[in-house]
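Residues -20 to -1, 1 to 665 (mature numbering (1 follows the signal peptide of the UniProt record, and there is no 0)) make up the sequence shown, in order.
For each residue, glycine too, the CB sits at the ideal point set by N, CA and C.
Note that the structure is a prediction, hence the values are computed from the model and not measured.
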Amino acid sequence: MAPGGFQLLWLLPVLLRVHSQCGETAKPLCCQKTRLYVLCRDCDLSVFPRGLDPSVQLIDASHNFITNLTVSDTSDLTQLVHVDLSSNRLQLISERALVHLVHLHSFILASNNLNQNYLSNGKALLSLWHLGTLDLSANKLESDMAASYLRSLPSLQQLDLSRNHITRLSVGFFRGVPRLREINLEYNYIVEIEEGTFALLRELHVLNLAMNSLLCLSTFSLTQLWVLNLSHNALQFFVAGGKLDEAYQLQTLDLSYNQLAFLPLLPRRSSIRQLNLSHNAIACLAGNSTTAEEFTLKSHKQVRPSVSWSVSGTARSLRDLDLSSNQLGSFPLRLLRGLSSLHTLRLASNCLQDGLVELTRDCRLLHPMPPPSRSGAMHRITLPSLKRVYLQGNAIHYLPPRFFDLLPNLEVMDLSFNRLHLCRSSSAYKEEPCLAGRKNCTAFNHMRHLRHLSLRGNNLSVLPSNLFHQTALTSLDVSENRGLFMLEGTLEGLESSLEKLSLRGNQMGSSEVTLPCLKGLKIVDLSDNKLSNLPPSLACSSLEKLDIRKNCFLRLEEVTARDLAGSLQYLVLTGNPFNCCELQWLEIMEASSVTILDLDKALCFYRGIYKNLTALVTAKDTLYPCLHSTHNANLSMLVVALFCFLLLTFVLYFSLKALRFIRNRVAPVPSPSCKTKGQDDIAVL
């Protein structure tokens, strides 16, 4: 090889190194830089951004390939307030890399490899005396590793340790972060929390322990907490520790997706407003256990205790109670009667059935007879504050009149996916209440405050007349009741109040939808039916949104389209066999600026020579097949007419010729052998 070739080989590594360095300096060109902000998100950086203005305050270098953070990277950036290095490959922070960041308040290190070099990395964080927010989520940190990063951060208020490998929280875990206000520990493997772990955190307000493996919490004594999330664990019981008479600031408690077989024992003096007990195994709600010791003793003896909280404390503040997806077989009246502030009750997906057994079993339960009084009035148990009740997904056959008497101010009710039997008339409300309940049917008339009602998926066949008499419904959902028939007068009384109506998935024909003039109606869902025409009464409404997907519409009448276009804002229409040659209604809608949400997917049909063909209604050449098919039809008619004319001419011609032949026919001359004797004699003469 020539000497020059060897020289080039020697220079090759140098050239590659220079090219690599040039590449690294070129990559930050995708960064957006100002005097105060540097945004280098997803720029394929392998090193921390360099050459930055010393006055920069925010750097976002997330979603790159940075592995190290050194003192040379940050020594000039003394004004930094926020640094985001999440989703990199960071594994080493040099000991003095953060010394100059005296104003750093927020440090985001999520989704890195900080389980490596955790001891030295932890030392690097010791200089961040003013750090307020630290995100160490998704770093594969075990318990001791996480603790090494929390040795001394005296100003830290928000800490995120979610999606790590933490299994245990010891007493000294948070000793170096005494001012924490919010901790996120979800998606770990925590099975044990030592007593006193959070004792020093007197400012702690939000604690998230969701998605762990906790079996019990029997010494809960965090009086300063506002929000506690323990969902998706394996809790079998929850007991407030310490003194039950001690005041707690807890407002939101989430115990959903656990294994609770009974209610938690909550502190008597608390301010809980939201309690989520959904997706547990609670079947019993009443009981007399009042102390943590008695509660724990029963639990260890494998006896199912029935524990209720103190009505004098929690009950007065509770506004939202979620008991859905449990095993309740009756309406929890005894529990609810003391909840004077309860606004929303969720009992979906339980075992409620047969008129909510607890209510109908003994009318005296609802109407206890007080001592005789001068007025003779009967004291009634009611829940006047309860305005939202969700009972979907049970096996309820009927709701007795007493049930609605219990809820005089009910506004929202979801009864979807039950087995309701509707009363054919409103006579049940005119009879004695206990006897009326035995009719095993449900009526909604006289519920003056009811605004939203869902009867979806109840296998209803008929909606009786006057079903909603003297109500003021604004939203009604009777969808997914296949074969539903609406009697005339079903929606009578809702002409001015009803704003939203859903008849989706009922497989109703045009003749089965009988609507009055609903002047207030704004949203209608008629999808998944067998409609070929819109109800004429919709012209009375100022509709804003109409859904007619999956029906049998060939067209919309032009008059109907003009009536709707005056107020309609949104239309959904795919899944109909529209005629491509009759899309005048579409032109009317588009001219009125109606937004057709699925116009780009809507198809229409036209008749081809041999079969029906489809096209997008937005296709520019949609009109051509219509003209072409019309031309073919006209040509075919012309050919048929010509053929008939020729055939008639042919028949007439041959008929006339045959007639002429018959008229001109001459008698034949007889042969000699056929002459008679008389004929011979005449010939001789």
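Pick helix, strand or coil for residue i, following the three-state DSSP scheme.
i, result
"Pro146", "Reading the sequence as shown, one finds Ile at residue 146 and not Pro. Three-state result, Ile146: coil."
"Asp22", "coil"
"Asp385", "helix"
"Asp124", "helix"
"Gln229", "coil"
"Ala595", "strand"
"Asn95", "coil"
"Met569", "helix"
"Leu322", "coil"
"Leu346", "Confidence in Leu346 is poor, its pLDDT being 37 and thus under 50, which makes the residue's placement too unreliable to answer from."
"Asp580", "helix"
"Lys502", "coil"
"Gly102", "helix"
"Gln333", "strand"
"Gln12", "strand"
"Leu632", "helix"
"Phe242", "coil"
"Arg587", "strand"
"Leu518", "helix"
"Ala77", "coil"
"Ser72", "The sequence shown places Leu at residue 72, rather than the Ser named in the question. Leu72: strand per DSSP, three-state reduction."
"Ala375", "strand"
"Phe465", "strand"
"Phe558", "strand"
"Met488", "coil"
"Asn119", "coil"
Need the endpoints of the beta strand (DSSP E) that residue i sits in, please.
i, result
"Lys510", "Premise fails: Lys510 is in no beta strand (DSSP E) and is neither H nor E."
"Arg248", "Neither: Arg248 is in no beta strand (DSSP E) and is coded neither H nor E."
"Asp53", "Not the beta strand (DSSP E): Asp53 falls in the alpha helix (DSSP H), residues 51 to 54."
"Ala545", "Careful: Ala545 lies outside any beta strand (DSSP E), inside the alpha helix (DSSP H) at 538 to 545."
"Ile163", "162 to 164"
"Ala220", "218 to 220"
"His62", "62 to 64"
"Leu111", "Looking at the DSSP string, Leu111 is not in any beta strand (DSSP E), and its letter there is neither H nor E."
"Gln254", "254 to 256"
"Ile88", "86 to 88"
"Val552", "550 to 552"
"Pro480", "The residue you asked about is not Pro; residue 480 is Lys in the sequence shown. Taken as a continuous stretch (DSSP letters only), the beta strand (DSSP E) holding Lys480 covers 480 to 482."
"Arg404", "No beta strand (DSSP E) holds Arg404; DSSP gives it neither H nor E."
"Leu139", "138 to 140"
"Arg529", "Where Arg529 is concerned, there is no enclosing beta strand (DSSP E), given that its DSSP letter is neither H nor E."
"Asp302", "300 to 302"
"Val393", "Going by the sequence as given, residue 393 is Met instead of Val. Unbroken beta strand (DSSP E) run through Met393: 392 to 394."
"Val369", "368 to 370"
Is it right to say residue i is buried, meaning 16 or more other beta carbons lie within 10 angstroms of its own, or is it exposed?
i, result
"Gly373", "buried"
"Gly176", "exposed"
"Pro515", "buried"
"Pro34", "exposed"
"His259", "buried"
"Pro364", "exposed"
"Ala90", "buried"
"Thr451", "buried"
"Glu166", "buried"
"Gln549", "exposed"
"Glu460", "buried"
Could you give the first and the last residue of the continuous alpha helix (DSSP H) run that contains residue i?
i, result
"Ile39", "Run containing Ile39: none in the alpha helix (DSSP H); it sits in the beta strand (DSSP E), 38 to 40."
"Leu315", "313 to 316"
From the beta carbon of residue i, is the nearest beta carbon of chain D less than 8 Å away?
i, result
"Gln231", "Of the protein chains in this structure there is only one, and it is not chain D."
If you pair each beta-carbon of the region 499 to 506 with each one of the region 470 to 487, do three or more pairs fall below 8 Å? They touch, by the three-pair rule.
Residue ranges of each beta strand (DSSP E) within the region 413 to 462, 3 or longer: Qualifying beta strand (DSSP E) stretches, in chain order: 432 to 434, 455 to 457.
Under 8 Å: do the region 119 to 131 and the region 72 to 80 share three or more Cβ pairs, one atom per stretch? Taking one beta carbon from each stretch, the region 119 to 131 and the region 72 to 80 have fewer than 3 pairs nearer than 8 Å; the two do not touch.
Counting only runs of 4+ residues fully inside the region 147 to 215, write out the alpha helix (DSSP H) ranges in chain order. Qualifying alpha helix (DSSP H) stretches: none in this window.
If we count Cβ pairs, one from each stretch, closer than 8 Å, do we get three or more for the region 571 to 591 versus the region 625 to 642? Cβ pair count under 8 Å is below three, so no.
Three or more beta-carbon pairs under 8 Å between the region 228 to 243 and the region 189 to 208, yes or no? Yes, since at least three Cβ pairs between the region 228 to 243 and the region 189 to 208 fall closer than 8 Å, the two stretches touch.
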